[in-house]
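Visitor: Have a look at this one before I ask anything.
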Amino acid sequence: MTSLAQLDRYLPEEIRIQIEQRYLVRINQQARLEHIIHDPIFYQEPENYPPFYADHGVVHFRDVALQVLQVLSGVHGLLIPARESSRLEFMKGYGVVLAYIHDIGMADFSHFGRAMHPEVASQEVFSPGFEDILQAIWRENCGNLAWRLSGLANAGVLEQAPREVLREMLAMANCHSKSKVPIGVLNDPQQLRTAMQAHTGTPLKQLYRQKQIEQAQQALLTAQAQQDQVAMNRYARLLFEAEQAGQPKNGYNQDTPTPEIENDDPARRVRRSYTDFERDSFRWLLAPHELAHELVEDVIDTLRALRCADALRQRGTVLKTSGGYEIFVEQGSADAILALRMEENGKNRPALYLLEISETLSAGEANIAGSQIDRDGNLRIAFHRGAFNNPATTRRAAYNAAVVVNDIQADAIESFTSLAAENNHLTREIEILLEGVDDNLGFADLVRTELQRINPAAAARTRCVPSLQNAAQNEVERYLQAPALRWDAEARQQALQRIARSGHNTTDINLDLAFQEVKLVRLHAGEVLVEADAPSSFVYIPLGEGLRINPLGGYASFLVSPWMPLGLTGVIRGAPRNASVSAERDVAALMIPKEVYLKYWHKTHSAEGLKQHFAEQAAKAKVQEVTHLSKLERTVILQSVPLFAHIPETTLGELATAVQEVHFSAGEIIFEKGDPGNSMYVIVNGRVRVHDGENLLNRLGDGDVFGEMALLDPEARMASVTAEDETRLFQLEQDAFQTLMAEHCEVANGVIRVLLQRLRARAQDVAQLRSRLKGEESDQHSASDSA
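Under numbering that gives the first Met the number 0, the residue at position 671 of the sequence shown is numbered 670, and the numbers go up by one with no gaps.
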């Protein structure tokens, strides 16, 4: 599904384009160079000029709307409580519509317009000019908004008309601004209602003056605390000017409009749309019914997602201004450079002007390669460049980046932090993960140091992680989607022992550092792990059989042995992959980032070391005819069995301890029909046949399970099972399984789920067989009648 098709699912194309043409295209047009060159402010304050801020036009709105969908899917059940699918779909629809409204006030490029754009959006949805859009959203039931609100109204949950509740919900687009709606206000419906009444029912100039007074008062208090007399005088003057701006002048107050303009004041239009504004507006936020509480929770959590999505907007190499000008970082100064393009330049020739501005936020944003909430609920941020001309410039670039990191985390993390504190199942420390940069692996550490100066609390939850800068996109996605490795010290030590048998030198490998940022990935049959000629960014260690290497240059393909590291030659040489690797069957593998491998894993052998290694291997081969699997190996094998796929890794470790490893020779009977059923089996390697006397019922191989019904129903075996090859099995007794079920409900839930799926499948097979037999019987009758 294309990006726009995803949006059209929640906001139909005709409505989306209508909003874009009415509000957003104007933002882009006004920011074109042929317009701004006539504005004196452009030359006076280029570093603070709104048209040079990051894009707030059509592309920005589409980007934020798509980000809302990604954020809601990512944080659902992780940073916000899980909902049923219908509520989540409602939140996605509401979020997309909000994203298309939140910055419509940015069409005013003045400092006043920049400061007041959140409130402009809130008041605009009450205007006559927005009425047709509201009607279309309602008529088309965008995101099931109209359907849900109508249902609540019919149930007597809402005291207001449902369409007016929708209008007020859209007015809450101003909540994307953390300065206008602090997180404490967003978390409290009573405070939120008060704030929304103020933002929609107060004239913009009055709100602007109030904000100036608050900012001047805070700055004056800070200057007084620092005993900075110059600053004290400055902010005292600004405070006096802000307070005087609303005082009566020439016999009237500037904030009291004359009758001629009163009808044009948006705030007064809002108030006139209610019989009693203070009593009736936003009443649904405080409605006592449980279904109303669910609505409020969904609205507020969607607003959290909007704040986060706006913070995670595209930056870096795709960063442009509202006028479509690229922004990038100057290597020599760490300043921002704007590529100003003019389509017509006197003689109808296009022109390009490179303008360098010393503006922290623009320079920092231009160096952000990507930001996202990962599968663990952490904020992950990557940078384009870490190397600059000298240490001082590098530190400045790190400071610029730290300012942006702090700005992003304020929305992407702090919007969810207090919510997590109120929900026990969500309590976790949300981390900020700063990726390394290939051209300067120490840059992320410098950014963290600068963040410590700006916001020590944010720096305390910041961690530097390996660079994924030049990795193939499919490998990056696989890595970010995989769970973190949670093996204990014993499991890590056992892993190193198995890896050592493959020939890799594991001497003195640090159990803690070597496994940091290592992921456990699962590959399915037919999946391509790496492509030939792709960047060498990861080393993989398969935990079982099933990976095939297809070398370039016409060489024969071959299978990779379990625990044999692959991809390390390209990582060590810094060269592209010289082979592709694909999975012929489902298999798990460790995924080690290049930086981690080179720091903590890469160790070569000496000739003497190899001599000792071979001698040890030969000695072990004499005393060990059968090598028993370690707890780690048993856990890995059990993880690949569908019956246990939903069991958490820690619980699976207990299960691995409970199973017994048994061996059967070719032709040996494992159990016979009629034997008591008190255990199940997992085939580790080998092959068995399931039969009733001489009648073959099935053949099973590696990873298959048989006898599982005995775990829940210890009846006599319904068929015989015989080993066809040398076969190694895991045997799980019913008593051990019952103990695990009693202690861990997820074990029972997972097993019952799979068994039910199998029963349904068998029922479908029986139904299809009956249908086929009935059809054959009908054909026979037809043939008989014809005869």
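Don't be surprised by glycine CBs; every beta carbon is placed ideally from N, CA and C.
1) Return the chain-ordered list of same chain residues with a C-beta closer than 7 Å to the C-beta of S664, the five sequence neighbours on each side being excluded.
2) Would V156 pass as a contact of A286 if the rule is Cβ separation under 8 Å?
3) Only counting the same chain, and skipping five residues up and downstream in sequence, which positions put a Cβ closer than 7 Å to that of S272?
4) Given G702, which residues of its chain have a CB within under 7 Å of its CB, disregarding the five upstream and five downstream residues?
5) Secondary structure at L551, three-state DSSP: helix, strand or coil?
6) Given Q675, which residues of its chain have a CB within under 8 Å of its CB, disregarding the five upstream and five downstream residues?
7) Under 8 Å Cβ to Cβ from I571, same chain only, skipping five residues before and after it: list those, please.
8) Verify whether the separation of the beta carbon atoms of L26 and I132 is less than 8 Å.
9) In three-state DSSP terms, what is Q787?
10) By how many angstroms is the C-alpha of G502 removed from the C-alpha of N454?
11) How big is the Cα-Cα spacing for A304 and K91?
12) Report the option in I498, S556, S605, N504 whose CA atom is closest to the CA atom of A588.
13) Do you know how far the Cα of M679 is from the Cα of D585?
14) Below 8 Å between beta carbons: does that hold for S581 and R547?
15) Quick check: what's the CA-CA separation for Q5 versus D406?
16) Just tell me which of E476, F643, V67, N577 has its CA closest to the CA of L302.
17) Going by C-alpha to C-alpha distance, which of E293, L510, A483, L484 sits closest to L495?
18) Is E516 near V464, with beta carbons less than 8 Å apart?
19) Check for me: the beta strand (DSSP E) holding Q371 runs from which residue to which?
20) Going by DSSP, what residue range makes up the alpha helix (DSSP H) through V295?
21) Per the contact definition of three or more C-beta pairs closer than 8 Å, is the stretch 16 to 33 in contact with the stretch 102 to 116?
22) Using three-state DSSP, classify W726 as helix, strand or coil.
23) Over the uninterrupted beta strand (DSSP E) stretch that includes S109, give me the two end residues.
24) Quick check on this structure: which residue in E428, A578, V538, A709 has the alpha carbon closest to the alpha carbon of Y554?
25) Looking at R374 and K177, is the spacing between their C-beta atoms short of 8 Å?
26) CB-CB under 6 Å to K210, same chain, minus the five flanking residues each way: which ones, in chain order?
27) Evaluate contact between the stretch 378 to 389 and the stretch 428 to 448, counting only Cβ atoms and requiring at least three cross-stretch pairs below 8 Å.
28) If you run the structure through DSSP and keep just helix, strand and coil, what is L542?
29) In chain order, what residues of the same chain have a beta carbon less than 7 Å from the beta carbon of L768, not counting five sequence neighbours either side?
30) Write down every uninterrupted run of the beta strand (DSSP E) in the stretch 478 to 546 whose length is 3 residues or greater and which is fully enclosed by it, in chain order.
31) Use the C-beta contact count for E707: other C-beta atoms within 10 angstroms, 16 or more gives buried, fewer gives exposed.
32) Round the Cβ separation of A791 and L318 to the nearest angstrom and send it over; I've been treating them as touching at under 8 Å.
33) Using a Cβ-Cβ cut-off of 8 Å (strictly less than) and excluding sequence neighbours within five positions of A197, which residues of its own chain qualify?
34) What's the C-alpha gap between A760 and L754?
35) Quick check on the burial criterion: 16 or more other C-beta atoms within 10 angstroms. Buried or exposed for P181?
36) Could you name each continuous beta strand (DSSP E) segment of 3 residues or more that falls completely within the stretch 555 to 609, going from the start of the chain to the end?
Guide: Quick answer:
1) If you number the sequence shown from 1, residue 664 lands on position 665. Here the set comprises A722, E725.
2) Within the sequence shown, the letter at position 157 stands for residue 156. Within the sequence shown, the letter at position 287 stands for residue 286. Yes, Cβ-Cβ distance for V156 and A286 is below 8 Å.
3) Locating residue 272 in the sequence shown gives position 273, where the first residue counts as 1. The residues are F125.
4) As a first step, residue 702 is located in the sequence shown; it is residue number 703 there, counting from the start. So the qualifying residues of the chain are S639, V640, I682.
5) Here residue 551 is taken as the residue at index 552 of the sequence shown, counted from 1. Reduced to three states, the DSSP call for L551 is coil.
6) Position 676 of the sequence shown, counted from the start, is the residue given in the question as residue 675. Note that residue 675 is Pro in the sequence shown here, rather than Gln. Result list for P675: P713, A715, R716, in chain order.
7) The residue given as residue 571 occupies position 572 in the sequence shown. So the qualifying residues of the chain are L597, H601.
8) The count along the sequence shown starts at 1 and reaches residue 26 at position 27. The count along the sequence shown starts at 1 and reaches residue 132 at position 133. What sits at residue 26 in the sequence shown is Ile, not Leu. Their beta carbons are not under 8 Å apart, which means I26 does not touch I132 by this criterion.
9) This structure leaves residue 787 out entirely; the chain is present only between 0 and 786.
10) Here residue 454 corresponds to residue number 455 of the sequence shown, with the count starting at 1. Here residue 502 corresponds to residue number 503 of the sequence shown, with the count starting at 1. Each residue's Cα considered, the two are about 47 Å apart.
11) On the sequence shown, position 305 is the one that residue 304 refers to. On the sequence shown, position 92 is the one that residue 91 refers to. Straight-line Cα distance between these residues: approximately 9 Å.
12) Walking along the sequence shown from the start, residue 588 turns up at place 589. The residue with the shortest Cα to Cα distance from A588 is I498.
13) By one-based count along the sequence shown, residue 585 stands at place 586. By one-based count along the sequence shown, residue 679 stands at place 680. Whole-angstrom Cα-Cα distance: 22 Å.
14) Along the sequence shown, one-based indexing puts residue 581 at 582. Along the sequence shown, one-based indexing puts residue 547 at 548. For S581 and R547, yes; Cβs fall inside 8 Å.
15) Here residue 5 corresponds to residue number 6 of the sequence shown, with the count starting at 1. Here residue 406 corresponds to residue number 407 of the sequence shown, with the count starting at 1. Their Cα atoms are separated by approximately 28 Å.
16) Taking the sequence shown and counting its residues from 1, one reaches residue 302 at position 303. Per the Cα distances, V67.
17) The residue labelled residue 495 in the question sits at position 496 within the sequence shown. Here the closest residue by C-alpha is L510.
18) Position 517 of the sequence shown holds residue 516. Position 465 of the sequence shown holds residue 464. Cβ distance < 8 Å, so E516 and V464 count as in contact.
19) In the sequence shown, counting from the first residue as 1, residue 371 sits at position 372. 367 to 372 is the span of the beta strand (DSSP E), which, as asked, contains Q371.
20) As a position in the sequence shown, residue 295 is number 296, starting the count at 1. Counting along the chain, the alpha helix (DSSP H) containing V295 begins and ends at 289 to 310.
21) yes
22) Walking along the sequence shown from the start, residue 726 turns up at place 727. The sequence shown places Thr at residue 726, rather than the Trp named in the question. The answer is strand: DSSP assigns T726 an E or B state.
23) Mapped onto the sequence shown, residue 109 falls at position 110. Premise fails: S109 is in no beta strand (DSSP E) and is neither H nor E.
24) To locate residue 554, count along the sequence shown from 1; it is residue 555. The shortest C-alpha separation from Y554 is found at A578.
25) Locating residue 177 in the sequence shown gives position 178, where the first residue counts as 1. Locating residue 374 in the sequence shown gives position 375, where the first residue counts as 1. Contact flag unset, no.
26) The residue given as residue 210 occupies position 211 in the sequence shown. Nothing meets the Cβ criterion.
27) yes
28) As a position in the sequence shown, residue 542 is number 543, starting the count at 1. Reduced to three states, the DSSP call for L542 is coil.
29) Along the sequence shown, read from residue 1 onward, the residue named residue 768 stands at position 769. Hits under 7 Å: none found.
30) 518 to 522, 527 to 529, 537 to 541
31) Reading the sequence shown from its first residue, position 708 is the one you call residue 707. By the neighbour-count rule (16 or more Cβ atoms within 10 Å), E707 is buried.
32) There is simply no residue 791 to check, as the chain begins at 0 and stops at 786 in what is shown.
33) Taking the sequence shown and counting its residues from 1, the one referred to as residue 197 is at position 198. Same-chain partners within the cutoff: L206.
34) Position 761 of the sequence shown, counted from the start, is the residue given in the question as residue 760. Position 755 of the sequence shown, counted from the start, is the residue given in the question as residue 754. Taking the straight line joining both Cα atoms gives about 10 Å.
35) Position 182 of the sequence shown, counted from the start, is the residue given in the question as residue 181. Exposed, by the Cβ-count rule.
36) 578 to 582, 586 to 592
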